[in-house]
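Everything below concerns the one structure shown next.
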Amino acid sequence: MSIGTWQETSTADGRKVGALALPQQDREQLTRVVAAVNAVRRLALPGVVPIADLVGHGGRAWLISGAPIGPSIADLASRLTPGTAATVLSDTGQTLMRLHQAGLAHGAVDASTVVVSPAGVALLSEVGVAAATAGRQPTAAEDAAAWAELARRIGGGDQTLQVVAAAAAAGLETGLRVLAAHASALPGFGDRTALAALPKQPAPLTVPGDIPPPESTTLLPGAATEAAVQATPQQRQPVIPQQAVPQQAVPQQAVPQQGPAQPVAQEHLATQMARRTTEPPVQQPAPVERSADGVLRFGQGPVATPVTPSWTPPPTAYRPPKKSLFKRVTGVLGSLLSLLLVLGVVYVLLLRFMPELGVPNPLGLFSATQITGVTVQKVAVTTCNTQADVIGTVVTNGEPGTFAYEWVDSDGHRSGRLDQSVRKGEGSVQVHYYWGFSGKGSHKGTATLNILAPVQLTANAEVTYSCK
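When the letters of the sequence shown are read in order and numbered with my numbering, they come out as residues 34 to 501.
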């Protein structure tokens, strides 16, 4: 279930962006949410709503996207055809597969957390946010069941999509295989133009008061910060002048009202937003400081009449005698020795248990897995508008650990670096690459599997597509 509705607003330089208000949260919840958002951002998956920043405004934390976000499938469900619904399921299913391969999961997949981009691509929204807020760890099995339920709901009475939903009970990969085998018979499957045309043009509406104002949204350079702040009760929110925000700037839907939550300390501020159209409280202009990275930071400036504090010198505190140099050196050496001992114990434990538990290991540490061979199966696709399932087989020494790989096809598409866990006793592991084709004609390409670590190996196979 979605935590809210994406709104449209503008940055200070006039760029349109999307904004989603998070529920009122305490510091621990915000820390988990920021960690989940950053973990997904590092993957840079094309099927996930790109998050540009996390900001604080009006006592709320907001997710900011680099561009306006389209409507959700829940809003478009009544206008979906079986073909466009199958396209949505194909997009979201493949994105979930790549999330699971990276050791992550969504945790709240349904029609309200899938949105349609202007290019007609179904994107997953709020990946891991709901689970991080609740303090639970989402699983791939949970996503597979939710994807099957999504297929049942948006498929309506279409028999093909109901078969796909039933097949997904055996796993997400099985559901995608059945979808690829039968969806080509559905009119409109893979038609991005038809999917992009579903949203209607929104009517001009008034601006809700708690959405970040267009003139004050500021995107931080780099990754999202580690927390957001709740405004103090004494802070007075200025009133937006009527002419400061265009009526069409944001839609009418207001962010759902949330109950009070524990305030977050000021030092955990992410980006504090304020309306710069408000009259300043003092006559002096606010100083502007340009840091070394070129980012402008705005301060409150000097006050009109400095207040002289009433201060009484504290009594002279007791100063303990200084330790001798020998005692200081031995204390430091003892601390370093203890630290090295603890690190050694942790290293041994990780070396022993981390690979057998199947924990993702992007750096390849504590891995005993050795790759002895790699092959890719040749694939011939004779069904129109479908996907080729290219299977690569990686032969290992049967020891637990991980290896890194990537797929590259002759059309220039790259999967990016992926990590695969190997359990003890597994002599071989299969990895999959789904290559989509559409339209009539024939195509011959090559799918290449590159092993990146612990050794560098390469294998490829021919992939042919024929549609008459």
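The beta carbon of each residue, even a glycine, is placed where N, CA and C say it ideally should be. Bear in mind the structure is a predicted one, so any value in this text is a computation, not a measurement.
Name, in chain order, the residues that DSSP records as bridge partners for residue i.
| i | result |
| --- | --- |
| E459 | E459 pairs with nothing; no bridge assigned. |
| S43 | K49 |
| D452 | A437 |
| E495 | T479 |
| A216 | DSSP, once it has assigned bridges, lists no residue as partnering A216. |
| G469 | Q420 |
| L490 | I484 |
| A94 | G89 |
| I404 | T429 |
| G474 | C500 |
| V464 | G425 |
So, at 6 Å on beta carbons, what are the nonlocal neighbours of residue i in its own chain, with the 5 sequence-adjacent residues on each side left out?
| i | result |
| --- | --- |
| Y498 | V414, F470 and H476 |
| A213 | T419 and Q420 |
| S217 | T416, C417, N418 and T419 |
| A119 | A216, L219 and F222 |
| A135 | L76 |
Taking 7 Å as the limit between beta carbons, can you name the residues of its chain near residue i, skipping five residues before and five after?
| i | result |
| --- | --- |
| T128 | L78, G80, V81 and L157 |
| D191 | P115 |
| Q19 | The displayed coordinates of the chain run from 34 to 501. Any statement about residue 19 would go beyond what the structure contains. |
| G204 | A177 |
| D444 | G478 |
| A202 | A181 |
| T21 | Nothing about residue 21 can be reported from this structure: the residues present for the chain run from 34 to 501 only. |
| A480 | V409, V423, W440, D442, Y466, W468, N493, A494 and V496 |
| V211 | V196, V197 and A200 |
Contact defined as beta carbons within less than 8 Å: I believe residue i pairs with residue j. What is the distance between those atoms, to the nearest angstrom?
| i | j | result |
| --- | --- | --- |
| I424 | Q453 | Wrong, their Cβ atoms sit about 13 Å apart, outside the cutoff. |
| I102 | V121 | That belief does not hold up - the Cβ atoms of I102 and V121 are roughly 15 Å apart, past 8 Å. |
| V149 | L219 | Not really, about 18 Å apart at Cβ, beyond 8 Å. |
| A181 | G140 | The Cβ separation is near 15 Å, so there is no contact. |
| A229 | A144 | Between A144 and A229 the Cβ distance is about 18 Å, and since that is not below 8 Å, they are no contact. |
| T117 | A227 | 6 Å |
| E459 | L451 | Contact doesn't hold; Cβ gap of about 17 Å is too wide. |
| A12 | Q170 | Residue 12 cannot be examined here, being either before or after the span of the chain that is shown, 34 to 501. |
| V154 | D108 | About 16 Å separates the two Cβ atoms, so there is no contact after all. |
| V409 | L482 | 5 Å |
| Q58 | T166 | 6 Å |
| G168 | R75 | Actually they do not touch by this definition, with Cβ atoms about 22 Å apart. |
| L183 | V142 | 6 Å |
For residue i, which residues in the same chain have their Cβ closer than 8 Å to its Cβ, ignoring the five residues on either side in sequence?
| i | result |
| --- | --- |
| V73 | V81, I84, L132, L137, V160 and G161 |
| E206 | M130 and H465 |
| S461 | T426, V427, V428 and T429 |
| A174 | none |
| S448 | R131, E439, W440, V441 and Y466 |
| K411 | A494, E495 and V496 |
Exercise. At 4 residues or longer, and completely inside the region 98-183: list those alpha helix (DSSP H) runs for me, N to C.
Key: 106-109, 115-134 and 162-167
Self-check item: the region 433-448 in contact with the region 476-486 per 3-pair CB rule at 8 Å
Solution: These segments touch.
Self-check item: Sufficient close CB pairs (3 or more, under 8 Å) joining the region 360-377 to the region 401-410
Solution: As far as the Cβ criterion goes, the region 360-377 does not touch the region 401-410, which means the pair count is below three.
Quiz item: Quick one: complete beta strand (DSSP E) runs, 3+ long, within the region 407-450?
Solution: 412-414, 420-429 and 434-442
Quiz item: Where in the region 49-91 do unbroken runs of the beta strand (DSSP E), each at least 3 residues long, occur, reported from the N-terminal end onward?
Solution: With a minimum length of 3 residues, the continuous beta strand (DSSP E) runs that stay inside the region 49-91 are 49-54 and 84-90.
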